[in-house]
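Engineer: Submitted below is the structure of interest, expressed as structure tokens.
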Amino acid sequence: MKNQPISLAQLLETTEISPSDLLNTLQSLCRRSLIEKQENLYSVPSVLREYYIESD
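Read left to right, the sequence shown gives residues 5 to 60 (my numbering).
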């Protein structure tokens, strides 16, 4: 899992999901606090990142 925030443009380049589906998914994850959006960048909150690392 990368620790660096990623832009919507970068996500679009690396996935095969349609732009509208990707945006809807990101909005849903933000509402559930599973990702954070700061300016135009998305990232996994540090608490979830730590949990993921420890459970790996």
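For each residue, glycine too, the CB sits at the ideal point set by N, CA and C. Note that the structure is predicted; figures quoted are calculated from it, not measured.
Quick check: Leu12 and Asn44, are their CB atoms within less than 8 Å of each other?
Structural biologist: For this step, residue 12 is matched to residue 8 along the sequence shown. For this step, residue 44 is matched to residue 40 along the sequence shown. Cβ distance < 8 Å, so Leu12 and Asn44 count as in contact.
Engineer: For the beta strand (DSSP E) containing Gln14, name the first residue and the last one.
Structural biologist: Here residue 14 refers to the residue found at position 10 of the sequence shown. Here Gln14 belongs to no beta strand (DSSP E); instead the alpha helix (DSSP H) covers 12-18.
Engineer: Closer than 8 Å by C-beta to Glu40: which residues in its own chain qualify, once you throw out the five before and the five after it? Chain order, please.
Structural biologist: Along the sequence shown, read from residue 1 onward, the residue named residue 40 stands at position 36. Excluding residues within five positions, the ones whose Cβ falls inside 8 Å are Cys34, Tyr46, Ser47, Val48, Pro49.
Engineer: Give a yes or no on whether the C-beta atoms belonging to Leu26 and Thr19 are separated by under 8 Å.
Structural biologist: Counting from one through the sequence shown, the residue named residue 26 turns up at place 22. Counting from one through the sequence shown, the residue named residue 19 turns up at place 15. A contact, by the Cβ cut-off of 8 Å.
Engineer: So which of Ser59, Glu58, Arg53 has the shortest CA-CA distance to Gln8?
Structural biologist: Counting from one through the sequence shown, the residue named residue 8 turns up at place 4. Closest by alpha carbon: Arg53.
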